[in-house]
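What follows is a short report on a single structure.
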């Protein structure tokens, strides 16, 4: 999904860009850069490039109405929400440099396709840690599969609301023709996120910041939920 600035009133892309810069500054400040190992940094950059490539493989009907896997849930579970938000900003910048869109497109796209799903996945992770048993099934099924699909659909709903409220497309077109495709793609996002995270926690658990062996393999920690 991407949202060209040409679809909106002139003020919205500018306001979205300013808001995005502010949130990215907060994200950069919240990241514990000194605690980031070289291997984790390389994994972060590699995942950023893979997401950028993934976003070039898309189909759609009209500008602002495209369908593709996002990978934001994987980024969030691997790196935490702050590094995920920075990674997606880098990926979108790379796409613009490669001729896929304009610079003013980044603000609305990053907010809808980056901030919304990343914060949702992080919220689900926190709730699961507090209220659900600490085991591998919960991590893969709830935090990866379910949260991955929900994050895609939440992002799609936010985009549809933005397009509809600002008059970019008629509501009947968005709800009858666009929304069902997003619902189907949310299942693809859920399956892909669950599969990727299941593989990573088995073969590269040190790349996954949200995964803790003591919690998900050895049982819940003795000091209670976090």
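Residue numbers (the working numbering): 50 to 275. Even for Gly, the Cβ is constructed at its ideal location relative to N, Cα and C.
In the structure shown, the three-state DSSP call for residue 260 is coil. DSSP links residue 116 through a beta bridge to 108. In the structure shown, the three-state DSSP call for residue 253 is coil. Rounded to whole angstroms, the separation of the alpha carbons of residue 116 and residue 199 is 15 Å. Look at the beta carbons and you see the stretch 147 to 160 touching the stretch 56 to 73: at least three pairs across the two are nearer than 8 Å. Annotated three-state conformation of residue 149 is coil, per DSSP. In the same chain as residue 132, and ignoring 5 residues on each side of it, the C-beta atoms closer than 7 Å to its own belong to 80, 93, in chain order.
Taking the CA atoms as reference points, residue 52 sits about 13 Å from residue 216. Excluding the 5 residues flanking it on each side, residue 189 has same chain C-beta neighbours closer than 8 Å at 243, 246, 247, 250, in chain order. When Cβ pairs closer than 8 Å are counted between the two stretches, the stretch 83 to 97 is seen to touch the stretch 119 to 128, the count reaching three or more. DSSP places residue 182 in no alpha helix (DSSP H); its state is neither H nor E.
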